[in-house]
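In the numbering used here, the protein residues as written are 1139 to 1318.
Notes to accompany the following structure.
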């Protein structure tokens, strides 16, 4: 595996070493020793798997208490995966990062605690899987509007976005609860 640093400290793009031939491919999607070498020492306690259709936008979600670090990847289709830094003490507070992730490129992203997260589906459908460092706690879940102009995320959508009522009700970045 190779870890690439991003413009936002502590966020990594991880590319596995893929072994392929006429039969197909094999790669390690998680290796604790490698993750520790990349500085990811968190223990994962929950795996999640979602399927969404083209132009679905999910997010921007986070848990203000029981915050979750996430190791995310796409196992079918393609998404534009987005994070927003919500760490008050960070020099990149309010900055966003977007990465195309797909079953074809097999990229993963490490998102430490302190970020809002979301994605938009670019393919006809996509399956998104992620490990979390804490359990889902709906009472602490928060949502920032995916289209907040003060953040300025450029979503590469091919059509009208499909957004849940919960996500349409997200707050503006200026009203969002932040992490210390």
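Cβ atoms here follow ideal geometry from the backbone N, Cα and C, with glycine treated the same way.
Quiz item: With residue 1191 and residue 1247 assumed to form a contact (beta carbons below 8 Å), what rounded beta-carbon distance in angstroms separates them?
Solution: Not confirmed; about 22 Å, so no contact.
Quiz item: By Cβ distance, which residues of its chain are closer than 6 Å to residue 1188, with the 5 residues on each side in sequence left out?
Solution: So the qualifying residues of the chain are 1266.
Practice problem: Give the range of the beta strand (DSSP E) segment to which residue 1151 is assigned. | Solution: Unbroken beta strand (DSSP E) run through residue 1151: 1150-1153.
Exercise. Specify the secondary structure class of residue 1222 as computed by DSSP and reduced to three states.
Key: In the structure shown, residue 1222 falls within a strand segment according to DSSP collapsed to helix, strand and coil.
Quiz item: With respect to the alpha helix (DSSP H) encompassing residue 1175, which residues constitute its N-terminal and C-terminal limits?
Solution: Segment 1170-1175, the alpha helix (DSSP H) holding residue 1175.
Exercise. Would you please state the rounded distance, in angstroms, between the beta carbons of residue 1149 and residue 1224? I believe it to be under 8 Å.
Key: With a Cβ gap of about 12 Å, residue 1149 and residue 1224 do not count as contacting.
Quiz item: Since residue 1263 is in the beta strand (DSSP E), which residue starts that stretch and which ends it?
Solution: Residues 1263-1270.
Practice problem: Go ahead and pull the three-state DSSP assignment for residue 1245. | Solution: Here residue 1245 sits in coil by DSSP.
Quiz prompt | Cβ contact check for the region 1280-1300 and the region 1196-1207: 3 or more pairs under 8 Å | solution = With a cut-off of 8 Å on Cβ pairs, the region 1280-1300 is in contact with the region 1196-1207, counting three or more such pairs.
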